[in-house]
Structure formats: structure tokens, C-alpha cells
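To convert a position in the sequence shown, counted from 1, into the numbering used here, add 46.
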Amino acid sequence: MYLCSQLYAMTLMRKTRFIILLTAIVAVLVTCTVGCTKPDRSEEAQKLKTELQQIAFTTPEKAFARIDSAERVGLFSPAQANLNRTNFYGQMGQTRLAIFYGEQIVNVPELKREGAPYYSALLLLIGWLERNGEYGKVLRLCDEIIADVEHEREQGVGISGISEEVALRVKSRALVLKGGCELDMKHPDKAEQYYLEGIDIMMNGVTHTNDYWVIDALFAGIIEATEFYLEQGMPQKALPLVAKGDTALARLDRCSDRPEYVRQVRHNNITIGQAMIYAANGQHDKAEALYMKHRQSENLRVYDIGADARYLTMSGRYDEAIRLFRQSDSLYMAQGSAINSEYIKHYLMYQYETLQKAGRKDEAQALSDRMRQLTDSIHIQERKIDIEQQEEIRQKETEIANRRQSLIIHRIILVAVVLICLLVAYLLWRSQKYNKVLLEKNRRLLAEIEQREQEEQQAIVQLKAEPQENLTANQQLFCRICDLMDGPDHIYTDTDLDRSRLAQLLGTNEHYVTDAISTCTDGKSVSGFLNEYRLRYAARLLATTKDSVALIAELSGFSRSSFFRVFSDAYGMSPSDYRKAARK
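Structure representation (C-alpha cells):
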């Protein structure tokens, strides 16, 4: 058992360098897997986002395939990918899918470190939940976002890493969305409170910014509040929004990074909104000047033309309004935009009300019939789309579950590899520590053996120095045996040397040889006496040569099978351990 433990320790030590190297490589791989810094691919990601905006409605399958591919290769983070999916599905009218992908952000809180994309996805999710009539979820999620960004502001740089102005932007948007939800639930007082609070946060908290995305929250609040006051019949309360709109435009113009199309869109929104506010308050000269300014703007969108038509309706110019309503309707259809309840509410319903005010009853009735048919068709289509979306959601849920399970398995394997490496390192440390202790022990044994051998040699030298007449017959014969053993021929290395052969070489009787050795060595046998010489010779070869242990065994007069046992019994260590102790 002792010899096996020594051989095991020797084997471990021989493999130490390889295993330590392997452990270091695995540790480096783990570190790289967990904490390597990703290359900056923001420009490539932004280019893909622009491309997606262009193909999302013409070839949606291609757009979603590009999003999936970008997420797989790391160009989009999971938050950014789900943000794009939520946005495109929502704009395509597939609300259930938009909500599903938006909730993936909520269900994975660690994605908060994505910062602005994380909160943008949540704000979009709130919009689709409101459109779907899930007002309880809207209010709860708005409150959670507001509390979260307030906590981030208190921490300075929290988990998300968003700046102060981004936090205010997110809070403002959440408050405005919360106001819209309260309005849908017929709580106009609360809606007004949240609208104004959202605007004031941006007016007072973000006065100097170079990020047009941040300042855009102020526009959203002003536009929503303007619509609220006009629809609620409180135009006089909307007058302070005119100055706030001018302030918002001035701040937007100071943003050097804002795209030109964003500037045009927001200038058009504010200008026509101000015109409607003045018109509703009877200040027709100011209203008309702003209206004409808006009409002269470039790249008027469908929304802008519809807003112009609403202004004309407020001014009593019904025929002009109806013409613009029909123009915006035609452009909306030509663009292939979704025919949904929002289309009926924001385009057809205003046109219907204008026809009624203009006294064009037949046209109003025809439009009413069209809206009824479209509503029935939309409900049928929504049920069909709902079934398709539910099936796709089930498939995606299965994919997500499989992906998470695979991720868990990979993490378990990674942890197991790390634990195994740590265990191997611990075993190596224990082995090294054990071998160090063993080496010290063997050195002490070696010193004791050398001291004992020196004492025995000194006793023999003293015995030989005595006059012959003072020695007994056994002592005289023992001196002759020692002289024979110390000769240059090393006769003890002869495996055939035994008591009989030794007696022949000395020309005496075997019993005399036995008695002489026993008397002068405190009872040692002849074979034990011979083995001592052989072991000392083997020890000398182990310390001074690089010959194999097996060869040294043969050169010393031992058989291979008995050498390890005899050497370990005599020296208390294996031949290999003796060689290490003797050389160090």
C-alpha cells in the first residue's frame, strides 16, 4: 500500500505541468466567455435599423428574418431585437405579437443594463397594451417605470446606466401614456394632471440637451395635451401650450445630431397644433398665418393633411376640409397602411363629423355605411389575425423555452468545468504539499541511514585497526569478509553469492562464516549482510547515475521483483524517492 501511494504521487507530479496549463486555458476561456468586451458595432446596428424601417411594411418577412439574424450574431441585443419586433408588429396592427415581444423585455429584468433601448421597449409595450384595452397593466407598468427611473436617478449611475436627461425623458413619456390611459377610462381630471406633469418635467428638467430623442418626449406631451384640451372643449387651457411648443422647437433646433426629417415632422406637428388652438379660441388671424405656414411646408405627411382638414373644419371651411380629408384618405390607402380601428377613428370619423356639419347628409350616410362595413371587416380580420398570432406566439414560447433550457445546460456545463478545474487544482496542491512533506521525511531518513552506515563503517575500521592477537577467531574472519566485500570486484553484486560461495572464497567452513557475521553484526544473517552491501551500492548508483531503477537492481545483484520490496523495507522509501532525496 505504501509503495502504491508513492507511485500515485509520482504520477501526479509528472502530469502537474500539463494539468496546470490546461486549467489556465480553461480559466481564460471562461473569463473570455463571461466578460470579454464586445466590439463596437453601433454604426452597423444603426444602418440596419434604417434599412428595417424601409422594408418592414413592404417585405415584413425579410425584415423579421434580418432581426433574428442580427440577434444571433450579436449585432442586436435581445432588448434591441425585441424593441424592433414590438415596434414593427405594433405598426402593422398585430397588437398581440407586439405585446408578446414587449413583455419579453419585462420578463428578463437583467436586460435593464441595455439602458435606453430597454425603457423604449417598455414604453412601446404600454402603447400597445393601451390600444388593446388592458388599462390595468398600463397603469401598473407606468408606475413601475416611474419608480424604477427615480431609483436610477437616486443611485446616480444605476444598473441601466442611463443619464439624468434620459431618465426624465422616460418618466415624462410614462406620465403622458398614463394620462392617455386615464382618458380612455373616462377620468379627464387625472389625464390632464398627468399630461401637464409630463410636460413640466421636460420643460424644467431638460433645458440643454443635444439628443433629439430626449427632447422628443416634450413634443409628445404637448401634442397629446393639445388634442386633449381641444376634444374636451377647453381650448383656453391650451393657450399656454403655444409658448411651450415654441420652446420645444427652439431646443430641437439646437440639437446638432437631429435628422432633418425629424425637424420637419415636429415643426409641422407644433405649427398645425398651434393653429388649431388659436382657431378654437377665436384668434383667427394668428391661426390662419400658422395654417398657411404649415401648408407651405415640404413633405407633408398623411397626418399633416388630416390635421389641416381638422383646422379647416374648426374654421367653418367645410368644403375645403372635406377635400383634404379625402386626399389624406387616398394617400393613406396608397401607402398600404393598415386599415384598423385607429384609421376609422383618426381619419374617417373626423371626415364624417365634417360632412354632418356641412349638411351633406347623403355623403355622411354613405361614409357611415362604409365605416360600419369596415368595422365588421376589421373585427373578422382581427379574429383571424388573432388566431394566427396566438399560433405564432405558441411557437415562439416553445423556442424561448428551448433556448433558455439550452442556456441553463451550457451554464451547468460551464460551472461543472470550473468546479472540476478547481478540484484538480486542489488535488494538485494537496499532492504537491504531500510530496513536499514526504521529501522532507525522506531526507531525514536518508540522514539517519547515512549516519548509521558511517557508524557501522567506523566500527569495522576500528576492528581492523586492532592487533591480530587481540581479536577473536570470529572477529578475524569478519575482517577478512569485510576486506573481500570492499574489494574492487564488488563480489556482492553476483546474484549467486551466498553463504556457501562466500565460505569457498575465504577457504573456511560455512558455519564459521555464519557465526562470524552474526557475532560481529548483532545477529544479522549472511543474506542480510550481503543485501546491506548490495543496497548501499544501489543507493550510490541511484544518487550518482541516471540509470533506470530496474537496471540498477540488476547491477546491484537483486532480481527486479524483490528489489523494490527490499529497498523500501530497508530505507523506508521507494528507490525513486531516494533518488530525489539524495539529489536535492
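Ideal Cβ positions, reconstructed from N, Cα and C, are used throughout, including at glycine.
As the structure is a computational prediction, the values presented were derived from the model and not from experiment.
Taking its Cβ as the centre, do 16 or more other Cβ atoms sit within 10 Å of residue i, making it buried, or is it exposed?
{"i": "Trp475", "result": "exposed"}
{"i": "Gly319", "result": "buried"}
{"i": "Thr141", "result": "buried"}
{"i": "Glu238", "result": "buried"}
{"i": "Gln620", "result": "At residue 620 the sequence reads Ser, which differs from the Gln that was named. The residue is buried, with at least 16 neighbouring Cβ atoms inside 10 Å."}
{"i": "Pro513", "result": "exposed"}
{"i": "Thr591", "result": "exposed"}
{"i": "Ser594", "result": "exposed"}
{"i": "Phe610", "result": "buried"}
{"i": "Arg356", "result": "buried"}
{"i": "Ile446", "result": "exposed"}
{"i": "His340", "result": "buried"}
{"i": "Met248", "result": "buried"}
{"i": "Thr104", "result": "exposed"}
{"i": "Ser608", "result": "exposed"}
{"i": "Asp623", "result": "buried"}
{"i": "Thr255", "result": "buried"}
{"i": "Gln294", "result": "Gln is not the amino acid found at residue 294; the sequence shown has Ala there. Flag for Ala294 reads buried."}
{"i": "Gly136", "result": "buried"}
{"i": "Arg131", "result": "buried"}
{"i": "Gly244", "result": "buried"}
{"i": "Met322", "result": "buried"}
{"i": "Tyr258", "result": "buried"}
{"i": "Arg625", "result": "buried"}
{"i": "Tyr324", "result": "buried"}
{"i": "Gln435", "result": "buried"}
{"i": "Asn481", "result": "buried"}
{"i": "Thr253", "result": "exposed"}
{"i": "Gly553", "result": "exposed"}
{"i": "Val184", "result": "buried"}
{"i": "Gly279", "result": "exposed"}
So, helix, strand or coil for residue i, using DSSP?
{"i": "Leu169", "result": "helix"}
{"i": "Glu180", "result": "coil"}
{"i": "Met531", "result": "helix"}
{"i": "Ile385", "result": "coil"}
{"i": "Met322", "result": "helix"}
{"i": "Val119", "result": "coil"}
{"i": "Asp331", "result": "helix"}
{"i": "Arg312", "result": "helix"}
{"i": "His536", "result": "coil"}
{"i": "Asp292", "result": "helix"}
{"i": "Gln140", "result": "coil"}
{"i": "Met280", "result": "coil"}
{"i": "Asn520", "result": "helix"}
{"i": "Lys592", "result": "coil"}
{"i": "Thr560", "result": "helix"}
{"i": "Asn555", "result": "coil"}
{"i": "Asp542", "result": "coil"}
{"i": "Gly161", "result": "coil"}
{"i": "Thr104", "result": "coil"}
{"i": "Leu287", "result": "helix"}
Using only the heavy atoms of the ligand ZN, determine whether one of them is closer than 8 Å to the beta carbon of residue i.
{"i": "Leu581", "result": "No copy of the ligand ZN appears in this structure; indeed no ligand is present at all."}
Which residues mark the beginning and the end of the alpha helix (DSSP H) in which residue i is found?
{"i": "Ser302", "result": "It is not in any alpha helix (DSSP H) - Ser302 carries neither H nor E in the DSSP assignment."}
{"i": "Gln500", "result": "Lys407 to Ala511"}
{"i": "Val260", "result": "Tyr258 to Glu277"}
{"i": "Val154", "result": "Where Val154 is concerned, there is no enclosing alpha helix (DSSP H), given that its DSSP letter is neither H nor E."}
{"i": "Lys570", "result": "Here Lys570 belongs to no alpha helix (DSSP H), and DSSP marks it neither H nor E."}
{"i": "Leu552", "result": "Arg545 to Leu552"}
{"i": "Val617", "result": "It is worth fixing the name first, because residue 617 is Tyr in this sequence and not Val. From DSSP, the alpha helix (DSSP H) with Tyr617 extends over Arg606 to Tyr617."}
{"i": "Leu597", "result": "Val595 to Leu601"}
{"i": "Lys95", "result": "Ser88 to Ile101"}
{"i": "Asn128", "result": "Pro124 to Gln137"}
{"i": "Tyr626", "result": "Rather than Tyr, the amino acid found at residue 626 in this sequence is Lys. Segment Pro621 to Arg629, the alpha helix (DSSP H) holding Lys626."}
{"i": "Glu399", "result": "Met395 to Ala404"}
I think residue i touches residue j, with their Cβ atoms under 8 Å apart; what is that distance to the nearest whole Å?
{"i": "Ile101", "j": "Asn128", "result": "With a Cβ gap of about 19 Å, Ile101 and Asn128 do not count as contacting."}
{"i": "Gln373", "j": "Ile351", "result": "6 Å"}
{"i": "Leu143", "j": "Ile439", "result": "7 Å"}
{"i": "Leu170", "j": "Asn133", "result": "6 Å"}
{"i": "Leu276", "j": "Asn314", "result": "Actually they are not in contact, since the Cβ atoms of Leu276 and Asn314 sit about 17 Å apart, beyond 8 Å."}
{"i": "Thr359", "j": "Lys403", "result": "7 Å"}
{"i": "Arg606", "j": "Ala596", "result": "5 Å"}
{"i": "Leu491", "j": "Gly618", "result": "5 Å"}
{"i": "Tyr307", "j": "Val348", "result": "With 8 Å as the limit, Tyr307 and Val348 do not qualify as a contact, their Cβ atoms being about 15 Å apart."}
Alpha helix (DSSP H) segments (min. 4 residues) lying fully within the region 185–256:
Counting whole runs of 4 or more residues, the region 185–256 contains the alpha helix (DSSP H) stretches 210–230 and 234–251.
Enumerate, from N- to C-terminal direction, the unbroken alpha helix (DSSP H) stretches of 4 or more residues contained entirely within the region 341–379.
348–360
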